[in-house]
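Enquirer: If you read the sequences in order, they're chains F and V. Residue numbering for the first sequence follows full-length UniProt numbering, starting at 1 and increasing by one per position. Residue numbering for the second sequence follows full-length UniProt numbering, starting at 1 and increasing by one per position. Glycine residues also receive a C-beta, built at the ideal position from the N, C-alpha and C atoms. First, the structure itself, so that you have it in front of you.
Protein chains: 2
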Amino acid sequence: MSLRYAILAILRVGPLSGYDLQKQFSQSVGHVWHAPDSQIYPELRKMEAAGLIEGEEQARGQRGTRRMYTVTPAGDADYLAWMQTPLDYQRVRDPAHLRAAYLENTTPEAARDFLRRHIAQWEGELEQWEGELTHIENLSNPMLTRRLNVTPDSERERTIAYKRFAYEGLVERARLEIAWARRGLDLVDSLGD
Amino acid sequence: MSLRYAILAILRVGPLSGYDLQKQFSQSVGHVWHAPDSQIYPELRKMEAAGLIEGEEQARGQRGTRRMYTVTPAGDADYLAWMQTPLDYQRVRDPAHLRAAYLENTTPEAARDFLRRHIAQWEGELEQWEGELTHIENLSNPMLTRRLNVTPDSERERTIAYKRFAYEGLVERARLEIAWARRGLDLVDSLGD
DNA sequence: TTAACCATGTAAGCGGTTACATGATTGA
DNA sequence: TCAATCATGTAACCGCTTACATGGTTAA
């Protein structure tokens with residue numbers, strides 16, 4: 001259900017077409033909630049059917065069209081209500097720690113390979129999130145500046161502070177995963193073979 | 001696909017019925033990979049159909065039966081092959097950090113509520129994982145001792161070391177989430193209102 | 001005129017959730 | 001005899017993945 005609210009969070013800033021939304025999405029909220037376009041377009045249709053957003057067909061060139069979406073008052077209310085409800089935490093399902101817990105069942109080389117890939121994976125995420133953090137500090141994220149333009153001055157500080165807070169958490173998590181896997185590599189070495 | 005290998009990891013230690021497997025599961029690998037019985041029973045049937053395990057019907061009382069499952073050589077090979085393959089990391093989809101990034105859209109009270117629940121959630125996980133860690137250190141986990149009984153002495157150290165490694169990682173992650181959310185509470189306070 | 005980009009989807013399949021369903025056995 | 005526990009599922013639904021599909025527009 002989070003996809004819907006991730007979309008609303010962006011659309012509340014101002015109307016967008018599905019295509020533009022998807023672009024903005026991948027540059028902002030997509031860093032915490034990934035969604036491919038094959039999921040976004042149908043979700044927009046569903047949200048329109050549910051009265052949360054309104055789509056307006058616009059001409060583009062001779063025959064082309066595109067559909068601009070605007071959040072309705074009902075959509076806004078739904079978003080704000082969601083912000084007040086507790087998150088439902090999914091049960092743990094962690095493939096990396098599952099594998100880690102049974103590494104004695106494979107060769108040291110396969111164990112090292114797994115850990116090296118884990119490091120590479122999280123270094124990739126870390127780079128994304130650190131990049132976002134600097135964009136936030138510099139106000140150089142296009143989506144964020146678009147938001148700040150429609151945000152009263154009194155709210156700007158909060159807006160930036162919470163974004164920084166969220167991305168700092170992600171950065172720390174990535175660093176933790178990397179440090180953990182590095183210790184794993186040491187462990188494999190120390191166990192010999 | 002991980003469920004299948006989580007099941008194999010347990011069943012490789014020795015034959016179990018679906019019911020017993022499910023019990024052992026929730027006390028060991030279930031701490032990293034949750035699965036309800038409504039998922040386990042059908043998966044066992046599928047694995048049997050795929051030739052990875054073999055089920056043998058046993059009498060229980062007058063009319064009762066239960067099905068004991070044993071890993072086949074094909075199942076063992078499949079498990080070991082999986083241990084050699086790279087994990088496929090899912091794209092990020094993190095509801096808590098999604099919400100955190102947009103907390104300016106709600107009231108300070110709702111923000112605090114979210115953060116307090118986040119702390120409670122991870123304190124719960126932390127307790128589970130710390131409990132498992134002490135069971136590992138004390139060799140007081142039934143599933144682990146069952147494994148160690150069929151493990152050559154030379155492998156025991158590795159078996160324990162990797163389990164400890166995995167759970168330490170989880171414990172650290174839980175602590176990180178808690179510390180992050182606590183900082184969030186301070187942030188809400190410092191932003192006033 | 002051609003490539004890059006704009007624009008929007010459908011369809012099949014899979015893993016997981018939730019709720020429901022049924023009956024046998026064992027020990028107090 | 002009654003409750004706890006043993007034992008094993010089915011069915012509907014939902015979100016997500018992957019692959020495929022189609023056509024228009026714009027600028028070099």
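With distances taken between CB atoms, is the gap from Y69/F to L148/F smaller than 8 Å?
Expert: It is not a contact, given that the beta carbons lie outside the stated cut-off.
Enquirer: Between Y19/V, P42/V, G124/V, which lies nearest to T65/V when the distance is taken from Cα to Cα?
Expert: Comparing Cα-Cα distances from T65/V to each of Y19/V, P42/V, G124/V, the minimum goes to Y19/V.
Enquirer: Within the same chain, show all residues whose beta-carbon is closer than 7 Å to that of W122/V, passing over the 5 residues directly before and after it, in chain order.
Expert: Once the five neighbours on either side are set aside, the close Cβ partners of W122/V are A174, E177, I178.
Enquirer: Short of 7 Å in beta carbon distance, which residues of its chain neighbour I136/F, apart from the five on each side in sequence? Order them along the chain.
Expert: So the list reads L144, I160, K163, R164, Y167, once near-sequence residues are dropped.
Enquirer: Whole angstroms is fine: what's the gap from L21/F's alpha carbon to L11/F's?
Expert: Roughly 8 Å separates the two Cα atoms.
Enquirer: Quick check for students: name the residue ranges of the alpha helix (DSSP H) that lie wholly in the region 31-99 of chain F, counting only runs of 4 or more.
Expert: You should have 37-49, 73-84.
Enquirer: Just how far apart, CA to CA, sit E109/F and A100/F?
Expert: So the alpha carbons of these two residues sit roughly 13 Å apart.
Enquirer: Once the 5 residues before and after L80/F are set aside, which same chain residues still bring their CB inside 7 Å of it?
Expert: Result list for L80/F: empty, nothing under 7 Å.
Enquirer: Any C-beta of chain F sitting closer than 8 Å to the C-beta of V13/V?
Expert: No, no contact with chain F.
Enquirer: Does DSSP put L16/V in a helix, in a strand, or in coil?
Expert: Strand at L16/V.
Enquirer: Hey, would you say N138/F sits closer than 8 Å to S28/F, going by beta carbons?
Expert: Cβ atoms of N138/F and S28/F: not closer than 8 Å.
Enquirer: Going by other Cβ atoms of all chains shown within 10 Å of its Cβ, with 16 needed for buried, is V150/V buried or exposed?
Expert: So V150/V ends up on the exposed side.
Enquirer: Could you give the first and the last residue of the continuous alpha helix (DSSP H) run that contains G184/V?
Expert: Element bounds for G184/V: 153-190.
Enquirer: For K163/V, would you say it is in contact with chain F, using Cβ-to-Cβ distances shorter than 8 Å as the test?
Expert: Yes, K163/V lies at the interface with chain F (some Cβ there is under 8 Å from its Cβ).
Enquirer: Whose C-alpha, out of L52/F, V71/F, R67/F, A50/F, is nearest the C-alpha of Q58/F?
Expert: Of the listed residues, the one whose Cα sits closest to Q58/F is R67/F.
Enquirer: With the cut-off set at 8 Å, would you say G131/F and W180/V are in Cβ contact?
Expert: Result no, Cβ atoms of G131/F and W180/V do not sit closer than 8 Å.
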